[in-house]
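If you want it as structure tokens, here you go:
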């Protein structure tokens, strides 16, 4: 398969007061690693993007309630805050560059309302700009005849998607996929129904049906997933979907060179690492570009390396890189092994740490760390191991290592 351009890519994300993130303004690449220790706030960044997708798919109210209500979403501060905002800058292969942002404010008795919402799209081939802007107490400003807002408890883009100018953005945000494969859910047989499932669920509990769909409609994708899994799991020969009139389930076949034996196992006999690896691979390669136009444009995965042997990290890194050729991939990780390579693009790393004030800090690798990486003195993974993969601050000091090495960033390295 050849390299295809991304149909939609988020270039920049600005967050205000979202959970542990008080303030964040970062650029994303085709493949972005959110790198930091446990509890630093990596998951909250991914969840902010997931919140946008959930708000398109269902309702804003459901997205808020699934996260425990406004008080659980708002960044904790003194005095308490009353609003959070999400601002996305994006580009698309169809020729549109744009920006979409909204602010949600807490209301009385645990309620909320959309305080502001702005959408602006520029067609790069014609220069035509389509937009709408909604603010309390002001008439709606719009370049097109999109319907007026129904209420302040939902995002207007869902309604505006009826207009051709805004529908591609709506569909792209709607179809972003976020995953944290849960082995226990993957071990359960899936009830057999006529319904086709081509989209993996957040926990990968429906993986048998998605694998079945890939085998039937996209065999090359299914074979690619299997090939990567073979690189992670020794002696694995194949992964198939079996079942009866009631259930569908995975079946793993192993071949052992000594004695020429082969043996098959159900998912209940597989390790958590094997199942999570399969879930991550299916998340990355599912729903390829086809005539239906259902390809996932953005995939976010929580700590894909969890429960894997360190030796499997290189295989996983290669899979992430291949997937990022056709879609945007954003992963959170605290694994030095995953980033223990000179092949990691320094610009693809967003360092994450928890500040002394309890607020998450996210940014490009600081100048000193960047200088070390560009000179190839350390890999990103090695910097993680010595706790020197830090987000950039306005004034970067010298990076002092425990072994006495100090490297100062020069203008040529920045």
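In this note's numbering, the protein residues as written are 1253 to 1666.
All residues carry an ideal CB built from backbone N, CA and C; glycine is no exception.
- Only exposed fits residue 1318, as fewer than 16 other CB atoms lie within 10 angstroms of its CB.
- Apart from sequence neighbours up to five positions away, the residues of its chain that approach residue 1283 with a beta-carbon distance below 7 Å are 1572, 1573, 1576, 1581 and 1600, ordered along the chain.
- Between the C-alpha atoms of residue 1332 and residue 1365 there is a straight-line separation of about 17 Å.
- Counting along the chain, the unbroken beta strand (DSSP E) around residue 1261 starts and ends at 1260-1270.
- In the structure shown, residue 1295 falls within a helical segment according to DSSP collapsed to helix, strand and coil.
- Between residue 1491 and residue 1464, the C-beta spacing is not below 7 Å.
- Rounded to the nearest angstrom, the Cβ distance from residue 1270 to residue 1338 is 7 Å, consistent with a contact under 8 Å.
- Three or more beta-carbon pairs drawn from the stretch 1272-1289 and the stretch 1297-1309 are found closer than 8 Å, and the two stretches are therefore classed as touching.
- Residue 1505 carries a strand assignment under DSSP once its states are collapsed to helix, strand and coil.
- Here the alpha carbon of residue 1614 sits roughly 34 Å from the alpha carbon of residue 1450.
- A buried status is given to residue 1458, since no fewer than 16 other beta-carbon atoms sit within 10 Å of its beta-carbon.
- For residue 1325, the uninterrupted alpha helix (DSSP H) segment begins and ends at 1322-1325.
- Residue 1622 is classed as buried because its beta carbon has at least 16 other beta carbons within 10 Å across all chains shown.
- Under the 8 Å Cβ criterion, the stretch 1585-1599 does not count as touching the stretch 1260-1269, having fewer than three qualifying pairs.
- Secondary structure note for residue 1495: its beta strand (DSSP E) is the uninterrupted segment 1488-1495.
- Just so you know, the alpha carbons of residue 1477 and residue 1563 end up roughly 18 Å apart.
- For residue 1550, the CB contacts under 6 Å within the same chain, skipping 5 residues up- and downstream, are 1428 and 1580 in chain order.
- Within 10 angstroms of the beta-carbon of residue 1629 lie fewer than 16 other beta-carbons, which makes it exposed.
- Within the same chain, 1272 and 1328 come within 8 Å of residue 1610 by CB-CB distance, once the 5 residues on both sides are set aside.
- With respect to the 7 Å criterion, residue 1456 and residue 1552 are not classified as neighbours on the basis of their beta carbons.
- Scanning the stretch 1325-1361 from its first residue to its last, the whole beta strand (DSSP E) runs of 3-plus residues come out as 1335-1344 and 1348-1358.
- When only Cα atoms are considered, residue 1285 and residue 1602 end up about 6 Å apart.
- Beta bridge pairing from DSSP links residue 1606 with 1612.
- Out of 1340, 1389 and 1345, the CA that lies nearest to the CA of residue 1376 is found in 1345.
- If you look at residue 1526, you'll find it in the alpha helix (DSSP H) that goes 1524-1537.
- If you keep only unbroken alpha helix (DSSP H) runs of at least 4 residues inside the stretch 1444-1469, you get 1459-1469.
- For residue 1484, the uninterrupted alpha helix (DSSP H) run begins and ends at 1471-1484, by DSSP.
- Taking a cut-off of 8 Å for Cβ pairs, the stretch 1501-1514 and the stretch 1532-1541 do not touch, as fewer than three such pairs fall below it.
- CA-CA distance, residue 1529 to residue 1352, rounds to 34 Å.
- Residue state for residue 1307 is assigned as helix, using DSSP reduced to three classes.
- Bridge pairing for residue 1429: 1551 [DSSP].
- With 16 or more other Cβ atoms inside 10 Å of its own Cβ, residue 1302 counts as buried.
- Under a 10 Å Cβ-count criterion, residue 1548 is classified as buried, with 16 or more other Cβ atoms of the shown protein chains found around its own Cβ.
- Between residue 1307 and residue 1407, the C-beta gap is smaller than 7 Å, which places the two residues in contact.
- The continuous alpha helix (DSSP H) containing residue 1408 extends over residues 1408-1412.
- Note that the C-beta distance between residue 1631 and residue 1592 is below 7 Å.
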